[in-house]
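Number of protein chains: 2
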Amino acid sequence: MDDRKQKVLLAIVQDFIATAEPVGSRTIAKKYKLGVSPATIRNEMADLEEMGYIEQPHTSAGRIPSVRGYRYYVDYLMKKRELTREEEELIRSQLATKARDVGKVFQRTGNLLSQLTSYTSMVLTQQRRPSKFKYIQLVPMNPARTMVIVVMDNGAVHHRMIETPESIIASDLETLSKVLNAKLQGLNMDTIKFTLLKELYYELGRHKHILDLSLELIQDSLFLEEDKIYLGGVFNMLTQPEFQNAEKIKTMLGILEQEELLCELLSDENLDKGVTVRIGDEIKDCDIKEYSVVAAPYMLSGRKIGTVGVLGPTRMDYAKVISVVDFLTKNLSIALDRVLRGRGR
Amino acid sequence: MDDRKQKVLLAIVQDFIATAEPVGSRTIAKKYKLGVSPATIRNEMADLEEMGYIEQPHTSAGRIPSVRGYRYYVDYLMKKRELTREEEELIRSQLATKARDVGKVFQRTGNLLSQLTSYTSMVLTQQRRPSKFKYIQLVPMNPARTMVIVVMDNGAVHHRMIETPESIIASDLETLSKVLNAKLQGLNMDTIKFTLLKELYYELGRHKHILDLSLELIQDSLFLEEDKIYLGGVFNMLTQPEFQNAEKIKTMLGILEQEELLCELLSDENLDKGVTVRIGDEIKDCDIKEYSVVAAPYMLSGRKIGTVGVLGPTRMDYAKVISVVDFLTKNLSIALDRVLRGRGR
DNA sequence: TTTTAGCACTCAGTTCGATAGAGTGCTAAC
DNA sequence: GTTAGCACTCTATCGAACTGAGTGCTAAAA
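Chain order of the listed sequences is A and B.
First residue of the first sequence? That's -15 in my numbering, and the numbers climb one at a time after it.
First residue of the second sequence? That's -15 in my numbering, and the numbers climb one at a time after it.
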């Protein structure tokens, strides 16, 4: 691929990204001044088509990049784009705003992402390392009800209201909490042994009912660790010209409603470091040919705990999206440290 | 409005709800056997149009119900529709399934609702009564970090991780928790007095940092009580024939992205008891003319704590939607009692 | 007086052909 | 190797003609 072919390919990709219309030889010659006539460019375009980098929707239309063309663009031709002051400032300030909980932070991240790119944003939180039991507390709410609170070592807090017999008094609950805390500290799904449970029931047999329910919550907490995904800017993306017709929109929304699919998209192992771009059918085994995903992981104290991604048409502004995703994940990691670890409040 | 006119109106509404096509006089004469000829029905239709119950999209089209026509149908003509065994069973079993938390229950309610109606479902949770502080616990997570957990008397649990100096030991945290619990029990936003806080700082001055952060979380918990809305089945609704063209879909999604608007729709005071139907522009001050909302409140121990609603085109199957919403809210109230009050687990 | 058959009329939607315009590929000249 | 020129292809658009659903009106029938 010689220098001029690269220039032509670059022009085609850039123009198509900007206009969403097939690009003709005349347009390139006029707009991108390669110093040659349309005829020459036509020759180059014929070559590029033969090589598989561009294609023609129909005979009398201009060319559009193929998946391979986009790939070449992203890998070799694209110039990195810096965010503007304002954009960086927006991200920083949004992430620095005090958040009530982690969920809010993720929500905000998604909004930022789609606002800056005008595509759909996805934020996946993963719980890869099995967590351990940290702490339990039984809080009497009123004579007949008790709140069970379980804290896991990864910072998750689960709670559930249970019904308790009126005969139970606060000090009983206190004792129960104490014993459970002492016995179960640091255990996970695999290390909770049957003999240990037997011991517990022996010791706390009087309150079997509460013990049952408490252990149930603990077990659920150890077990039920779902990934969660936050979506943002779906409506935003519909302003893109590819969504003129109803069918396209429906297909898109159909994809977005399959949460498991999206989770899979983002939990690919290749995504572990840095920004990853997958274009069209490069996305493994699913027919979202006309879309691309730009994703990157975010960290908490050096460990990957989730992935941020942008889903948009293959004709997306890769340069911009990549820089936004990159900058955002880095700042998200910092923000999470602040919220979850309590630094710098 | 004589008997035959009512029958004609009923036929028009029913047919239009079923087919989404304007209804002509011939169709009515054939399908609904009123025992008269199309010409007679045409005369009746002309009258009904003059009275404002139906309208004509254009000269050579059939008639469609006007907002007023739908209203008359809902108020006087519609026969109540019972749910099938299967539908009731589905609702009961879905709501009886063990849920990890309340959010899951609402999510499921929404899914049920849209699944059974094929429109969009909305579940609003309201926090009208200001809650009171119930309990606080400081849990040491590791040498440098502590988890603050706050329980409110309405069953809400808030938590936040804070950074603590290494010098603090577990028993300090225990003391702090105890004192805070003793002093603040049962207080709400209005009754927390300055003198009380001063007292606290005097007593616990050594740990000012932790005290600050703990009180901050308590304050946030008392203050930040947002309504939350769960949406479901957006994609589902797009199968309706009104969403053939892209513009309609976009408008719809535009509405659905305005959470505050939806919250307002559902927090109307008139909704306090039973199922309410608002058709087209009956919905106050917002231009969602082409849509209707069917809503009903749900309760927890006799107190209204939220609203369930269905949003769909004015041409919605009111009979079905109303019965689903009715049955569902009743069962939701029961399910919530079970989850939140711990009954019958 | 009410109902109905008949008929002229209206209007949206569809089909078809003509036309315009964008863009190409090829050829021959530069 | 580059370019001007030209024939060719194909889509999109526009309008005319046509179709069919449905109406309103009138006059006859019940």
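Even glycine gets a Cβ: it sits at the ideal position worked out from N, Cα and C.
Taking 8 Å as the cut-off, the beta carbon of V132 (chain B) is found closer than this to the beta carbon of I120 (chain B).
Within 10 angstroms of the beta-carbon of P114 (chain A) lie fewer than 16 other beta-carbons, which makes it exposed. Membership of E147 (chain A) in any alpha helix (DSSP H) is not indicated; the residue belongs instead to the beta strand (DSSP E) covering V141 to E147. It is roughly 6 Å from the alpha-carbon of K(-11) (chain B) to the alpha-carbon of E28 (chain B). For the pair of segments examined, the stretch 201 to 213 of chain B was found not to touch the stretch 232 to 241 of chain B: the number of CB pairs separated by less than 8 Å stays below three. Put simply, the backbone Cα of A30 (chain A) is about 50 Å away from that of Q111 (chain A).
Between A279 (chain A) and L320 (chain A), the C-beta spacing is not below 8 Å. Straight through space, the alpha carbons of V259 (chain B) and M173 (chain A) are spaced by roughly 46 Å. Taken through DSSP and simplified to helix, strand or coil, M131 (chain A) comes out as strand. Using a Cβ-Cβ cut-off of 8 Å, V123 (chain A) counts as an interface residue toward chain B, since at least one Cβ of chain B sits closer than that to its own. In the structure shown, P225 (chain A) falls within a helical segment according to DSSP collapsed to helix, strand and coil.
The beta carbon of V305 (chain A) lies closer than 8 Å to those of T101, Y103, V278, V294 and G296 in the same chain, with the five residues before and after it left out.
When beta bridges are read from the DSSP output, N126 (chain B) appears opposite B:R129. Closer than 8 Å to the CB of V141 (chain B) there is at least one CB belonging to chain A. Cα atoms of S77 (chain B) and V308 (chain A): separation of roughly 45 Å, rounded to the nearest angstrom. Using a Cβ-Cβ cut-off of 8 Å, K118 (chain A) counts as an interface residue toward chain B, since at least one Cβ of chain B sits closer than that to its own. The DSSP-derived three-state label of S98 (chain A) is helix. Assignment of G293 (chain A) by DSSP, reduced to helix, strand and coil, places it in the strand class. Sequence-distant partners of N220 (chain B) (beyond 5 residues in either direction) whose C-beta falls short of 8 Å from its own C-beta, in its chain, are S98, Q99, S102, Y103 and T104. Residues of chain A whose Cβ lies closer than 9 Å to the Cβ of Q228 (chain B) are, in chain order, A230.
Judged by DSSP in its simplified three-state form, P22 (chain A) adopts helix. In this structure, the straight-line span from the alpha carbon of F178 (chain A) to that of R144 (chain A) is close to 24 Å. For I263 (chain B), the enclosing beta strand (DSSP E) stretches over residues T260 to I263. Residue contact check for G94 (chain B) against chain A: no CB pair falls below 8 Å.
The C-beta distance from F0 (chain A) to P49 (chain A) rounds to 6 Å, short enough to fall under 8 Å. Taking CB atoms only, I267 (chain B) has no neighbour in chain A less than 8 Å away. Within chain A, the C-beta atoms nearer than 7 Å to that of L222 (chain B) come from K234 and L237, in chain order. Linking V51 (chain B) to D310 (chain B) through their CA atoms gives a straight-line distance of about 22 Å.
Residue pairing from DSSP places G216 (chain A) in a beta bridge opposite A:S105. In the three-state reduction of the DSSP assignment, E39 (chain A) falls in the strand class.
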